[in-house]
Each structure stands twice: as C-alpha cells, then as structure tokens.
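Have a look at the structure below, then the notes.
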Amino acid sequence: MPHDKTPPAVKDVTRTLARYIVNAEPGDLPAPVRDHAVRTFLNWLGCAVGSCRHEAVDIALKTLLPFSGKEQASILGRTEKADIFTAALVNGISSHVFDFDDTHLKTVIHPAGPVASAIFALAEYRPVTGAEFVHALALGVETECRIGNAVYPDHYDVGWHITGSAGVFGAAAAVGKLLGLDEEKMVWALGIAASQPVGLREQFGTMTKSFHPGRAAHNGMTAAFLAAEGYTSSEQGIEAKRGWANVTSTRQDYSEITEGLGQRHESLLNSYKPFACGIVIHPAIDGCIQLRNEHKLTAEKIASIHLKVHPLVLELTGKRTPKVGLEGKFSVFHSAAVAIIDGRAGENQYSDAAVLDPKTIRLRDSVDATVDSAIAADAVHITVTLTDGSKLEKFVEHAIGSKDRPMTNDDLAGKFTDLVEPILGAPRTAQLLKACWDLQTAPDLAQVAGLSRPAA
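Here the numbering used here is used: the first residue of the sequence shown is 70, the next is one more, and so on.
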C-alpha cells in the first residue's frame, strides 16, 4: 500500500497552481499586468538581440547547430535559425549574458529569460497572437516568481541560481498554456519541470551563468511537450517530501504559491536594469554617477571611495580583482570606478579591456565597502575623499530601476535602441520597437520574430 508522501495541508500545491494556470483567461489579467508584460518582453528582446554577438553565444551556436533539427525558430539578432528547443536555449543565453535583463525584486529571479525565450521560439513554430503571448508570459512569470517566493532566501543561500532552478516552472507553465494543456497534463508539466532545476551560484562571473536561463527555457519547454503527449509525473512534484521544494531548500512557505492567485500579481514587482551588472550594485553606481556629475569629479581628484552597502552586495558582488568582463559585473569595486570615470555602466564598461584598464584599476583599488544591515537593498551611503582631504557624501535611498524609482517607458525605449541599433540598424530597430509596444494587438508573433533578425 503506497504511503502518503506529504501532510494533507501541503498536498495539493502543484495541482492548485496547475488549475489556476489552465483556467486563467486573458481578460482576467488587469491592464497594468498586461502592460507590464509588454515592458518585460521589450526589455528581454533588447537584451537578447543586443548581446547576440557575444562570445558565449558564438560558442553555443558553433557547438549546437551541427546537431540542431529543422530550422523552426530565429536566433535573435542573427541570420541563423534552429529547432525551437535549441533556439530557446541560445536565446536564453543571449538574453542574460550581459546581465542587463529584468529582475523580480523579492527573489532576484530574472523572469523573462526562461519564459520569453521558450514561448517566443514556440510562436515561430505554431501561430500565437500577441494577446495569447502576453497572457502566457504573464502566467509564466507569475508561476516562477511565486515558486521562488516559497523558498527564498534559503534556496538561494545554499547556492542555487534561482533564475534557472525556479525559471523552469515558468517556462513549463507558459508553454503548457499555449499548447492548451488540461489540468492533469499541466500538473505533469510542472512535475517534469520539478525534476530539471538548473543553476549554481558558483558559476557567477562565467559564461555558464547565462546558460542557466537558457537551459531553464529548454527544460520547461521539454516538460510541457512531454506532458502534452501523456508523459506522467508525480502529482506533488513541488511539495512532496522528496519533491522540488524540500530537496532544494531548507524552508518552504507554500502559501506564497497558492494564496491570492489571480489577485496578487508578482509580475508587477519585476524591474528593469539601467546598468549592465548585478542589481545589488546599482545603488553604488547611481550614487557615484550623481557625485561625478554634481562635482565634475575625475579619477585624478579622488583619494578614496568608501561604500556602506546592504549585506548582499559583498556576498554577491565582492570580486576585488576581476580579470574578465563577466567578473566585472560582480565587482562593486570595478562598478564604482567606471561610474566615476565614464559616468555610466553599460556593456562597454564590462568588457575584458575595461576591467584591465590601468586607470580603472587605480581607482578601483581606492574603493572599499563595508556592510551595514541598516542599509536597504536599493540604497547606499557613499563617502568620497578627495586628494585635498575634503570629503563628499551621497545617500541614495532608492536607486534608479528600483520599485520606487522605476525606469519609464522612455527609459526602456532608449535602452532598447542603444542595445539593438548596433545590431539591426536604425530603421529596423525603430520597426521592432514599435512592434513591441503594439504587442498585445499583434496578429502573429512570427512577424515580430522576423523583425528581430537582420534584414535580408
């Protein structure tokens, strides 16, 4: 006689979530949630196209294309096409390799990478309208963020990269919704996803970090397609004693998954980065840029920079001597230096050459940071000591890009243009930007995908 794997109180978490996903209708989503999904997609697409020539993408394509199936979906920003699974993987890598993509502020999940990479590839394989796409994207983001909430921060603290480990559920839910899975098959899709978590924080600063959302997109799509054909799984894949949540985390709060479905929308907490690095560094960059502009600071005028930061800053971005650009994205010291020198922290400030620039290294070596538990995650206190002995101070209460100082639509459009125009040119970038803003009324997402590749 099979014994019950979980207490009754947490027995139906996976099914409750599956039932909500299956029964949710596009009209159920409030307008702000739909609009936020459009912003999420635009930001994701700009990041994916903008980084399409990165070495990590080149290596992935060189490795995988010889084994790819039929040409079903675009590699964004490039002329190559691949089967939808390979396209989801590579576009997920591309969307995250600049570390410029969206961030769910409660869990530091990058939600769009796993979800949008999967369903945008699917939309070239079978017709998907803009309204259907927006709905599936919103449901996928909601799914992964709620599951992430249930185990954060313990799951993250033990070393999982939560974008990959929770993102697989978002991809499975969104693809499953577009495939029209019924409740039982959606339960199976989530269960299959539960067996495919990916991503270790050890990989931060390497190409493998961007592999995580790509593989989550691929794995989630696999889960949904298998379930659609009747491939079974546990019906408590998330909450069982030996299910995903208990195996990957020392703490679980299943109410975060099941309560307020359709009423509380986690996707509204999604934020967009003005700087191409770990989000916990953004307050320091913001403050250093403000000091630079207000006082016409140059590196030569500075003796030292002291930062008081939230505890996560040094835990996640404490690399003192980055050797390559990807490591620079996890160095608050490098980031503060380039913010003073260049007045920005875009992808150019995180190139291999930038982290090895002697001028940057000299200023970086003058930066120190101490943890202050009273400092909020989106705040920083900066003290700059000048060579003449005088001091400048700046307290940033809420960094740009945070919930309290979000990027505007104009900010996002400018970021998108800066990323995409060097790849696709000005006329096509303008067309693609308009198509993104008009996403909800698009008759077929394949047309948007076509604009995401170089003109013939």
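Backbone N, C-alpha and C define an ideal beta-carbon position, used for all residues, glycine too.
Item                                                                                                                          : Value
As assigned by DSSP and simplified to three states, the class of Gly-239                                                      : helix
Cα-Cα separation, Lys-285 to Pro-512                                                                                          : One detail in the question is off: residue 285 reads as Ala in this sequence, not Lys. Approximately 28 Å between the Cα atoms of the pair.
Helix, strand or coil at His-450 [DSSP, three-state]                                                                          : strand
Beta-carbon contacts of Tyr-221 that lie in its chain and below 6 Å, excluding the five residues immediately before and after : Thr-176
Range of the contiguous alpha helix (DSSP H) that encloses His-287                                                            : 277 to 297
Three-state secondary structure assigned by DSSP to Pro-76                                                                    : Below a pLDDT of 50, predicted positions are generally treated as unreliable, and Pro-76, at 46, falls in that range; the measurement from the model is reported next regardless. Coil.
Beta-bridge pairing of Trp-313 - partner residues as DSSP gives them                                                          : Looking at the DSSP assignment, Trp-313 forms no beta bridge with any residue, so it has no partner.
Segments of 4+ residues assigned as alpha helix (DSSP H) that fall wholly inside the stretch 391 to 437                       : 394 to 397, 401 to 411, 421 to 424 and 427 to 433
Three-way DSSP call (helix, strand, coil) for Val-378 in this model                                                           : strand
Between the CA atoms of Arg-431 and Arg-33 - distance to the nearest angstrom                                                 : In this structure the chain extends from 70 to 525, so residue 33 is not present and cannot be described.
Where Ile-178 falls: helix, strand or coil (DSSP)                                                                             : strand
Span of the alpha helix (DSSP H), counted from its first residue to its last, around Phe-110                                  : 100 to 119
Segment contact, 8 Å Cβ cut-off, at least three pairs: the stretch 134 to 148 with the stretch 96 to 111                      : no
Limits of the unbroken beta strand (DSSP E) element including Glu-462                                                         : 460 to 465
Residues that DSSP places opposite Gly-387 in a beta bridge                                                                   : Ser-400
Three-state secondary structure assigned by DSSP to Lys-150                                                                   : strand
Per-residue burial, Ile-371 [other beta carbons within 10 Å of its own, 16 or more giving buried]                             : buried
DSSP three-state assignment for His-123, whether helix, strand or coil                                                        : coil
Distance between Arg-88 and Tyr-419 (C-alpha atoms, nearest Å)                                                                : 44 Å
Residue from Arg-215, His-450, Leu-501 and Gly-397 with nearest C-alpha to Gly-274                                            : Gly-397
Outcome for Glu-416 when other beta-carbon atoms lying within 10 angstroms are tallied against a minimum of 16                : buried
Buried or exposed (CB count within 10 angstroms, at least 16 for buried), Ser-442                                             : exposed
CA-to-CA distance, Ser-324 to Thr-498, given in whole angstroms                                                               : 43 Å
One or two residues paired with Thr-172 in a DSSP bridge                                                                      : Ser-340
Beta-carbon contacts of Val-203 that lie in its chain and below 7 Å, excluding the five residues immediately before and after : Arg-103, Ala-106, Val-107, Leu-508 and Gln-509
Cβ neighbour criterion (16 or more within 10 Å) applied to Gly-394                                                            : buried
Helix, strand or coil at His-144 [DSSP, three-state]                                                                          : Looking at the sequence itself, residue 144 is Ile, so the reference to His does not match. Looking at Ile-144 - three-state DSSP - the assignment turns out to be coil, as it is neither helix nor strand.
Cβ contact (3+ pairs, closer than 8 Å) linking the stretch 290 to 302 and the stretch 240 to 260                              : yes
Cβ distance (whole Å) where Ala-151 is taken to contact Glu-140 below 8 Å                                                     : 7 Å
Status (buried if at least 16 other CB within 10 Å, exposed otherwise) for Val-227                                            : exposed
Close-in-space but distant-in-sequence residues of the same chain around Asp-223 (CB under 8 Å, 5 per side omitted)           : Ser-318, Thr-319 and Arg-320
Closest Cα partner of Ser-471 within the set Ser-137, Pro-183 and Pro-352                                                     : Pro-352
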